[in-house]
Amino acid sequence: MTLDTNWVKEWIVAAAASIGEHKQELNTLDREIGDGDHGENMDRGLKASVAALEKLPDDATPNAALRSVAMTLISTVGGASGPLYGTAFLKAAEPVGDAEAIDETTLVAALRAGRDGIVSRGKAEPGDKTMVDAWTPAVDAAAAAQESGASAAGILAAAAEAAEKGSDATIPLVARKGRASYLGERSAGHRDPGAQSTALLLRAAAGVAG
Ligand code: ADP
Ligand code: MG
Ligand code: MG
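So in the numbering used here the end of the sequence shown lands on 220, straight run, no missing numbers.
Following this line, the structure appears as structure tokens:
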């Protein structure tokens, strides 16, 4: 489908459903290396984002929809992940400008801007066992897919698959950022919850686009 405002809305509805289904799993991952609230935090934020998007005017642009999600996540998620995901959506909206629909080049630029926003806010590097370890391979895979001529749905599918692998790859890592870093070496052997929620969000984006 065309990546217009309706796509953003459908994406966030699908993301809210997926996060809701995986809420306990995300809480459990966060209980192992954090404070056990990541599923709750994300579930609250995505449900509030769906409600906020329903209130947007009919002629709202994709940029306005992405910024609505950003502000809602920042104000409702709490925890480390709220401002990080909020910044990602805010920054992703920038390259979209006032376009009615997000084309393939802009999609990659938006994903990259989102990842860069998380990095500049949270200062995590790849390998620090955070959501950056899902976002970074996702951006790289999206760019490669776009360069080889993939559709928006293909670009998002590549990003989602790379994010899932990136989430898997956090398991052996020792955390160097966020609450999990307090555990030091004991954080190894557990999946990072934020990397997993990133994979779920991108998989929802791909599912709705395809
Ligand atoms: P909190 O740790 O405040 O309870 P959440 O549980 O909602 O917040 O989110 C935890 C997730 O946030 C981690 O799994 C990790 O992916 C991400 N995170 C934490 N700190 C950072 C950071 N500095 N940079 C990037 N991601 C981070
Ligand atoms: Mg937590
Ligand atoms: Mg918390």
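Note that the Cβ used here is the ideal one computed from N, Cα and C, for glycine as well.
query, result
"Coarse secondary structure for Ala111, derived from DSSP in three states", "strand"
"Inter-stretch contact (C-beta, 8 Å, three-pair minimum) for the segment 35-43 and the segment 191-211", "yes"
"Neighbourhood of Ala215 by C-beta, 6 Å cutoff - its chain only, sequence neighbours within 5 removed", "Trp21, Leu166"
"Asp178 to Gly89 span [Cα, whole Å]", "23 Å"
"Opening and closing residue of the alpha helix (DSSP H) in which Glu42 lies", "33-43"
"Beta-carbon proximity of Thr71 to Thr115, cut-off 9 Å", "no"
"Nearest-angstrom Cα separation, counted from Leu13 out to Gly159", "16 Å"
"Contact under 9 Å by Cβ, Ala209 with Ala154", "no"
"Asn37 Cβ short of 8 Å to ligand 3 heavy atom set", "no"
"Endpoints, alpha helix (DSSP H) assigned at Gly228", "Residue 228 lies beyond the residue range present for the chain, which begins at 11 and ends at 220; the question has no answer from this structure."
"C-beta contact flag for Leu100 and Gly132 at 9 Å", "no"
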